[in-house]
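Participant: Please see the structure below; I have some questions.
Protein chains: 2
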Amino acid sequence: MQTPSLDVVGIGNAIVDIIAHADEAFLKRHGMHKGAMTLIDEAKAEALYADMGPAVQLSGGSAGNTIAGLASLGARTGYIGKVRNDTLGGIFRHDIASAGIAFPTADAEDGPATARCLIFVTADAQRTMNTYLGACGNLTPDDMDAALIESAKITYLEGYLYDPPLAQEAFHRAAEIAHRARRKVALSLSDVFCVERHRAEFLRLADNHIDYLFANEGELTALFQTGFDTALAQATQLVEIAAITRGAGGSVIAAKSESVTVAAAPVAQIVDTTGAGDLYAAGFLYGLANDRRLAECGRLASLAAAEIISHFGGRPEIPLKDYVAARS
Amino acid sequence: MQTPSLDVVGIGNAIVDIIAHADEAFLKRHGMHKGAMTLIDEAKAEALYADMGPAVQLSGGSAGNTIAGLASLGARTGYIGKVRNDTLGGIFRHDIASAGIAFPTADAEDGPATARCLIFVTADAQRTMNTYLGACGNLTPDDMDAALIESAKITYLEGYLYDPPLAQEAFHRAAEIAHRARRKVALSLSDVFCVERHRAEFLRLADNHIDYLFANEGELTALFQTGFDTALAQATQLVEIAAITRGAGGSVIAAKSESVTVAAAPVAQIVDTTGAGDLYAAGFLYGLANDRRLAECGRLASLAAAEIISHFGGRPEIPLKDYVAARS
């Protein structure tokens with residue numbers, strides 16, 4: 001078996017975020033579930049955008065954010081995801097490439113536009129997401145670059161990838177390639193509603209294909225349909241490590257023989273929670289890829305999450321390597 | 329004469345900003361003048377973008393930022409500027425319209441793409457700008473909506489508008505329309521190099537067409553080719569009010585019979601100075617349009633500038649009305 005040349009390859013929906021402030025009345029008027037990710041079609045995306053305030057555009061996507069975070073920490077990374085050859089696709093590709101992340105997936109040259117996520121941030125810094133998946137629907141098993149996946153210690157999959165139908169098969173293909181090469185596979189559960197859409201399949205996946213599981217409290221209990229402690233115990237029967245975030249309450253990391261609780265890192269002002277879970281995963285995976293102890297993985301995870309919630313958007317604004325060094 | 333239904337109409341280059349961090353070596357390698365705005369062609373814009381780190385996209389343009397700031401303060405506003413009917417043009421138009429700003433200028437349906445400005449922010453929060461003017465070159469005198477200009481107390485022109493050749497004539501047309509309707513005309517000198525490109529013409533303009541002049545110290549002394557105090561005295565011979573910013577040193581406001589110095593408003597952390605001058609003008613014009621005393625105009629100007637330098641980009645992140653109210 002070759003020595004892995006990369007730390008982590010992420011596979012996910014390649015999305016550009018469009019972020020604006022909104023008040024509670026706006027969410028109510030549009031029937032949004034606060035804090036959730038809702039799938040919308042292009043017409044709805046246009047209607048919502050027309051009613052949205054002045055916005056900021058930047059690359060997003062759950063696994064995209066995680067991989068960008070890893071690159072910002074200094075990890076060697078790759079990404080697989082589908083954009084179209086349009087302006088937003090160009091922005092997404094630029095931001096991945098310019099962070100030094102390998103990105104072999106070809107642009108879609110026709111079909112739906114690059115995916116976008118309209119994100120509304122309320123005064124409590126909570127984000128509510130509305131995603132038009134667009135070109136993500138064209139990610140196929142053939143896009144699972146075997147050489148790239150085999151070259152990475154860990155392949156990281158976002159649960160959201162389960163939404164576009166063709167991507168599910170791609171998801172399984174990627175996990176098989178990784179395990180055949182004796183690599184590790186990580187999964188983020190992404191969102192409570194996403195868990196509800198794919199619960200049976202996620203349980204089967206966790207049992208057969210997943211080594212490291214990332215979730216927040218709500219996603220974990222939705223997956224196992226039981227209370228937190230029981231759900232966590234059940235998770236550790238299925239996977240090697242489960243890292244569960246609890247917002248301001250920090251996180252719990254459970255392995256078969258060990259359990260660690262980690263405090264959230266302090267932030268002067270929480271501006272926007274977009275990407276908090278994604279960057280938690282980034283810090284944690286950085287630790288795992290570098291053989292750190294679980295408590296240290298958790299500390300790096302909390303720091304990466306702290307940087308991301310201190311500004312708009314789910315991509316680091318300053319190099320996380322510097323951010324972490326200044327706090328160690 | 330009809331009562332003005334708007335406070336301020338801004339006319340400028342309609343630009344989407346692409347903002348990233350960069351280090352001093354990057355500026356040096358690309359031969360950039362730190363802190364300046366340099367005009368570049370499309371090929372250079374693409375080459376620079378390819379070498380740029382992960383970025384954030386949001387609407388910009390000097391007068392666009394000023395008018396967005398005025399709208400965020402609660403002013404009644406309009407904007408004239410040219411975008412193409414492309415993705416970036418759609419973003420610019422959305423952000424103007426969604427802020428409640430009247431924007432009658434039609435999209436260009438062919439020709440160069442919507443203008444973009446590649447902005448590099450160094451560790452000292454200074455911004456260095458590289459602008460591809462694109463569709464701005466298609467702004468013509470016919471775009472000067474007489475009804476809109478006549479309806480506003482003040483018409484605000486950015487000096488940058490002097491760069492695209494057709495826009496110069498548009499600039500004069502707008503000033504004539506405004507003065508014929510007995511409105512006021514304001515000019516921002518924009519940039520030292522811009523002043524050097526158009527010095528003789530700016531002096532003639534200031535003498536004949538400008539009531540309110542905005543500049544920073546460097547632009548003012550470049551215009552009059554003399555020291556600060558003499559330059560300021562000369563400016564007040566030409567215009568009714570000159571508001572001159574001095575960075576952390578605050579600003580000086582000079583009228584024929586009165587002079588006021590205003591301290592810069594405190595900021596916890598200066599993140600990015602993009603838009604500082606634009607938002608200073610926004611706060612100041614808000615005060616003028618509402619018949620405030622010069623010292624109060626300066627206070628509003630300093631507060632608006634303080635909000636904008638505390639985050640990435642030249643558009644307010646929180647309603648300036650609330651920001652100012654919390655500090656009064």
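Just so you know, the protein sequences line up as chains X and W, in that order.
When you line the first sequence up against our numbering, it's residues 1 to 328, in that order.
When you line the second sequence up against our numbering, it's residues 329 to 656, in that order.
Yeah, the Cβ is synthetic: ideal placement off N, Cα and C, and Gly gets one too.
Tell me the DSSP secondary structure of isoleucine 581/W in three-state form.
Facilitator: Reduced to three states, the DSSP call for isoleucine 581/W is strand.
Participant: Extract the residue ranges of the beta strand (DSSP E) inside the segment 445 to 493 of chain W, only unbroken runs of 3 or more that lie entirely within it.
Facilitator: DSSP runs (the beta strand (DSSP E)) wholly in the segment 445 to 493 of chain W: 455 to 460, 480 to 486.
Participant: Are the C-beta of aspartate 423/W and some C-beta of chain X separated by less than 9 Å?
Facilitator: Yes, aspartate 423/W counts as interfacial toward chain X.
Participant: In the segment 42 to 55 of chain X, which residues sit with their C-beta less than 7 Å from some C-beta in chain W, listed in chain order?
Facilitator: If the cut-off is 7 Å between Cβ atoms, the segment 42 to 55 of chain X has Tyr49, Met52, Gly53, Pro54, Ala55 near chain W.
Participant: Do you know how far the Cα of phenylalanine 224/X is from the Cα of arginine 197/X?
Facilitator: Each residue's Cα considered, the two are about 14 Å apart.
Participant: What are the start and end residues of the beta strand (DSSP E) that includes threonine 573/W?
Facilitator: It spans 569 to 573 - the beta strand (DSSP E) in which threonine 573/W sits, taken as one unbroken run.
Participant: Can you give me, in chain order, the residues of the segment 631 to 655 of chain W that have a beta carbon less than 9 Å from any beta carbon in chain X?
Facilitator: Within the segment 631 to 655 of chain W, the qualifying residues are His639, Phe640, Gly641, Arg643, Pro644, Glu645, Ile646, Pro647.
Participant: Pull out every residue of the segment 427 to 441 of chain W whose Cβ sits closer than 7 Å to any Cβ of chain X, in chain order.
Facilitator: Against chain X - using a Cβ distance shorter than 7 Å - the residues of the segment 427 to 441 of chain W are Ala427.
Participant: What three-state label does DSSP hand histidine 198/X in the structure shown?
Facilitator: If DSSP states are grouped into helix, strand and coil, histidine 198/X belongs with coil.
Participant: Since glycine 89/X is in the alpha helix (DSSP H), which residue starts that stretch and which ends it?
Facilitator: It spans 87 to 98 - the alpha helix (DSSP H) in which glycine 89/X sits, taken as one unbroken run.
Participant: Counting C-beta neighbours from all protein chains within 10 Å, is the total for glycine 555/W 16 or more, i.e. buried, or is it exposed?
Facilitator: Flag for glycine 555/W reads exposed.
Participant: If you follow the beta strand (DSSP E) that leucine 517/W is part of, which residue opens it and which one closes it?
Facilitator: Per DSSP, leucine 517/W belongs to no beta strand (DSSP E) and is neither H nor E.
Participant: Quick one: list the residues of chain X neighbouring glutamate 419/W, beta-carbon separation under 7 Å, in chain order.
Facilitator: Note that residue 419/W is isoleucine in the sequence shown here, rather than glutamate. By Cβ distance, chain X contributes Gln57.
Participant: Span of the alpha helix (DSSP H) holding valine 652/W?
Facilitator: Here the alpha helix (DSSP H) through valine 652/W covers 648 to 653.
Participant: For threonine 87/X, would you say it is in contact with chain W, using Cβ-to-Cβ distances shorter than 9 Å as the test?
Facilitator: Answer yes: the Cβ-Cβ gap between threonine 87/X and chain W drops below 9 Å somewhere.
Participant: Write down the C-beta distance between glycine 137/X and aspartate 278/X rounded to the nearest angstrom, noting that I regard them as a contact closer than 8 Å.
Facilitator: Between aspartate 278/X and glycine 137/X the Cβ distance is about 21 Å, and since that is not below 8 Å, they are no contact.
Participant: Which residues in chain W sit within 9 Å of alanine 68/X, going by Cβ to Cβ distance?
Facilitator: By Cβ distance, chain W contributes Pro382.
Participant: Is it buried or exposed, alanine 305/X, if we count other Cβ atoms within 10 angstroms and call 16 or more buried?
Facilitator: Buried, since its Cβ has 16 or more Cβ neighbours within 10 Å.
Participant: What is the DSSP secondary structure of phenylalanine 214/X, counted as helix, strand or coil?
Facilitator: In this structure, phenylalanine 214/X counts as strand in the three-state DSSP scheme.
Participant: Which term fits asparagine 536/W, buried or exposed, when burial requires 16 or more other beta carbons within 10 angstroms of its beta carbon?
Facilitator: The residue in question, asparagine 536/W, is exposed, as its Cβ has fewer than 16 Cβ neighbours within 10 Å.
Participant: To the nearest angstrom, how far is the alpha carbon of phenylalanine 420/W from that of tyrosine 79/X?
Facilitator: One C-alpha to the other measures close to 30 Å.
Participant: Looking at the unbroken beta strand (DSSP E) that takes in alanine 348/W, where does it start and where does it end?
Facilitator: Where alanine 348/W is concerned, the enclosing beta strand (DSSP E) stretches over 343 to 349.
Participant: Helix, strand or coil: how does DSSP classify alanine 436/W here?
Facilitator: Here alanine 436/W sits in strand by DSSP.
Participant: Assuming tyrosine 484/W contacts alanine 514/W under a Cβ cut-off of 8 Å, what Cβ separation, rounded to an integer in Å, is found between them?
Facilitator: About 5 Å; that satisfies the 8 Å criterion.
Participant: Which one or two residues does DSSP pair with tyrosine 286/X in a beta bridge?
Facilitator: Answer is none; tyrosine 286/X lacks a bridge partner.
Participant: When DSSP builds the beta bridges, which residues end up paired with alanine 609/W?
Facilitator: In DSSP, alanine 609/W forms no bridge with anything.
Participant: Inspect the beta-carbon positions of alanine 474/W and isoleucine 505/W and report whether they are closer than 9 Å.
Facilitator: Yes, the pair counts as a contact, with Cβ atoms nearer than the cut-off.
Participant: Quick check on the burial criterion: 16 or more other C-beta atoms within 10 angstroms. Buried or exposed for glutamate 150/X?
Facilitator: Flag for glutamate 150/X reads buried.
Participant: Strictly by DSSP, which residues pair up with alanine 443/W?
Facilitator: Bridge partners of alanine 443/W: Ile343/W.
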